[in-house]
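First the structure, in the form of structure tokens, and then the observations on it.
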Amino acid sequence: MVSKVSTALVRGTAVAVALGSLLAVPAYAAPLEPATTKADAAAAAPPAPDVTGLWNVLRAARRQGAPGAMARLDDRGSVHWAAVGVADRKSGRALSNADRFRIGSVTKIFSAVVLLQLADEKKLALDAPVNRYLPGLLPDDRITVRHVLSHRSGLHDYSNDMFARTVPGFEAVRKKVFTYRQLVNRSLSKPRTTKPGGAYSYSNTNFVVAGMLIEKLTGHAVRTEYRNRIFEPLKLSDTFYVHPGTKVPGRHARGYLTPDTAGAALVDATEQTVSWAQSAGAVISTTRDLNLFLSALLGGRLTSRAQLAQMQRWVPSGTNQRYGLGLRRRDLSCGVSVYGHTGAVQGYYSYAFASKDGKRSLAALANASNNGSVHAAMLGTLESAFCGKQTKKSRSAATPVERHEVSAPGNPLDPDAH
1 MVSKVSTALV RGTAVAVALG SLLAVPAYAA PLEPATTKAD AAAAAPPAPD
51 VTGLWNVLRA ARRQGAPGAM ARLDDRGSVH WAAVGVADRK SGRALSNADR
101 FRIGSVTKIF SAVVLLQLAD EKKLALDAPV NRYLPGLLPD DRITVRHVLS
151 HRSGLHDYSN DMFARTVPGF EAVRKKVFTY RQLVNRSLSK PRTTKPGGAY
201 SYSNTNFVVA GMLIEKLTGH AVRTEYRNRI FEPLKLSDTF YVHPGTKVPG
251 RHARGYLTPD TAGAALVDAT EQTVSWAQSA GAVISTTRDL NLFLSALLGG
301 RLTSRAQLAQ MQRWVPSGTN QRYGLGLRRR DLSCGVSVYG HTGAVQGYYS
351 YAFASKDGKR SLAALANASN NGSVHAAMLG TLESAFCGKQ TKKSRSAATP
401 VERHEVSAPG NPLDPDAH
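Have a look at this one:
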């Protein structure tokens, strides 16, 4: 069922994909009620996908410099998948949707879900100060859990300084192991970007604090909470939190980092601790597992209805984008909104989004990073998957590249590099 030729389009259909695994999930509440507005209805029932267009987007990403690109679309029991290029430049092995990869900032959704489950369990209040649970951690008692999860804490993003020079910055931390507190201290050595509750300002520091909250409130490592609350109940058999180990377990795509100097050779960044990101970006997964996860989340199977509604209290976060609690909404050119996250960690750009009801989900990967042209091309997967066939005029209205994720800030066109 997976392409054996690096440039082939593979598509197929599976009945009720992994439905059985969802039935095993302990439901916090019934799925959300149907949308009641025209905008919500459009988000819940997007146009038929353009699968050929999706394949063309992947080919475009390759032309822009990605060694390989792939996508999987789950749509109400039907599955379409495609892969082009290579998973390993050295061996020439073709990329496949069976390959695992680093998902970067898509990890943030997992962290937010655990904290919202803790809110359901009355162990956490979203509007309580972070310092109530982590006394003395932050210099301002007004910074709440909600501010952290919505990137409105004003905490400086330490990774901007860490990766001001892309490849040297990466090589300096590739094998390092940081504590959460060391990362927070790097942030606190810089001025804050806004007052607590102010405008959205993306910062990986926020989700390092989220990891600290998870560990303090549960008494367990983040790895354990991800596994017990999400990975195992959903039977996400290819999803792992790997830290501080450096290897991606099992069959995987290698990741290639683009240097800042034009024309310089790509750097194989596959093996690294990702300790600079941890609960902000260290999860490994597959396109199948990411689609299962988002479908379960947006279908109301991971949190209560009330907490999922909190997750979708949006604040402006860029052109045609809004941010909730660890969840991003992108408003596409056809008027459809999709929900999920983009992410990047050195060597990988990942995309995981679903319709409002979770019944259509897309996960995609390019095994390249620090390449704004690849990222801009890959955003087209969302247009093809959720807007269907369009005229060139309508496609030109797609969301421009925004810098909003974990990544090397050296390239101003590279928004998702972490």
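Residue numbers are given in the working numbering: position 325 of the sequence shown equals residue 325, and the series is strictly consecutive. Where is the CB? At the ideal position from N, CA and C, for every residue including glycine.
Quick one: grab the DSSP three-state call for residue i.
i, result
"Asp-140", "coil"
"Ala-112", "helix"
"Lys-38", "Below a pLDDT of 50, predicted positions are generally treated as unreliable, and Lys-38, at 48, falls in that range; no measurement from the model is reported."
"Ser-285", "strand"
"Gln-390", "coil"
"Gly-358", "coil"
"Ala-71", "strand"
"Gln-278", "helix"
"Ser-78", "strand"
"Gly-85", "strand"
"Phe-353", "strand"
"Gln-321", "strand"
"Ala-98", "coil"
"Pro-168", "helix"
"Phe-240", "strand"
"Asp-331", "strand"
"Thr-342", "strand"
"His-252", "strand"
"Tyr-202", "coil"
"Val-267", "strand"
"Ala-221", "coil"
"Ala-128", "coil"
"Ala-61", "helix"
"Ala-368", "strand"
"Val-374", "helix"
"Ala-66", "coil"
Between which residues of its own chain and residue i is the CB-CB distance below 6 Å, once the five residues before and five after are set aside?
i, result
"Asp-141", "Pro-129, Asn-131"
"Val-106", "His-341, Gly-343, Ser-350, Ala-352"
"Thr-218", "Glu-225"
"Ile-214", "Val-114, Val-222, Glu-225"
"Arg-186", "Tyr-158"
"Ile-284", "Arg-100, Arg-102, Phe-240, Val-242, Val-248"
Can you tell which of the options has the C-alpha that lies nearest to the C-alpha of residue i?
i, options, result
"Leu-95", "Lys-175, Lys-247, Thr-287", "Thr-287"
"Ala-61", "Pro-47, Ala-82, Pro-49", "Ala-82"
"Ala-282", "Gly-263, Pro-46, Val-345, Met-378", "Val-345"
"Ala-265", "Pro-67, Ala-125, Ile-109", "Pro-67"
"Met-378", "Gly-263, Pro-46, Val-84", "Val-84"
"Pro-191", "Met-311, Gln-278, Arg-93, His-156", "His-156"
"Val-374", "Val-57, Pro-47, Val-51", "Val-57"
"Leu-149", "Tyr-339, Gln-321, Gln-312, Arg-59", "Gln-312"
"Gly-87", "Asn-367, Thr-381, Gly-380, Ala-376", "The identity of residue 87 in the sequence shown is Ala, whereas the question assumes Gly. Taking only the C-alpha atoms, the option nearest Ala-87 is Asn-367."
"Val-208", "Ser-279, Gly-326, Val-274", "Ser-279"
"Val-184", "Thr-205, Arg-330, Gly-198, Gln-321", "Thr-205"
"Pro-244", "Val-167, Gln-272, Thr-193", "Gln-272"
Residue i to residue j, Cα distance in whole Å?
i, j, result
"Gly-211", "Val-248", "21 Å"
"His-147", "Val-315", "11 Å"
"Leu-134", "Leu-115", "14 Å"
"Ser-201", "Gly-372", "20 Å"
"Leu-138", "Ser-203", "15 Å"
"Pro-49", "Gly-136", "50 Å"
"Phe-293", "Thr-319", "26 Å"
"Val-424", "Ala-69", "Past the boundaries of the shown model lies residue 424; the chain is included only from 1 to 418, so the question cannot be answered."
"Arg-328", "Ser-355", "12 Å"
"Asp-268", "Thr-246", "13 Å"
"Ala-27", "Ser-295", "Any reading at Ala-27 must be qualified, since the residue scores a pLDDT of 37, below 50, and its modelled position is unreliable; no value is offered."
"Ala-262", "Ser-369", "14 Å"
"Arg-165", "Glu-171", "10 Å"
Within a Cβ cutoff of 7 Å, which residues of the same chain sit near residue i, ignoring the five residues on either side of it in sequence?
i, result
"Thr-270", "Val-248, Arg-254, Gly-255, Gly-347"
"Gly-250", "Arg-100"
"Asp-289", "Leu-236, Asp-238, Thr-239"
"Met-162", "Gly-169, Val-173, Trp-276"
"Tyr-323", "Ser-150, His-151, Tyr-200, Trp-314, Val-315, Ser-317"
"His-252", "Asp-99, Arg-100, Phe-101"
"Lys-195", "Gly-154"
Report all residues from its chain with a CB closer than 8 Å to the CB of residue i; omit the five preceding and five following residues, and keep chain order.
i, result
"Leu-124", "Leu-115, Leu-118, Tyr-133, Val-145, Leu-213, Leu-217"
"Asp-127", "Thr-144, Val-145, Arg-146"
May I ask you to check if the CB of residue i is nearer than 7 Å to at least one heavy atom of the ligand MN?
i, result
"Ala-385", "This structure lacks the ligand MN, and indeed carries no ligand of any kind."
Stretch-stretch touch, CB-based, cutoff 8 Å, three pairs: the region 70-79 with the region 350-360
yes
Does the region 327-343 come into contact with the region 374-392, if we say contact requires no fewer than three beta-carbon pairs (one atom in each stretch) closer than 8 Å?
yes
Any chance the region 300-317 sits against the region 103-123, with 3 or more Cβ pairs inside 8 Å?
yes
Touch test, the region 229-242 against the region 257-269, Cβ-Cβ under 8 Å, three pairs minimum
no
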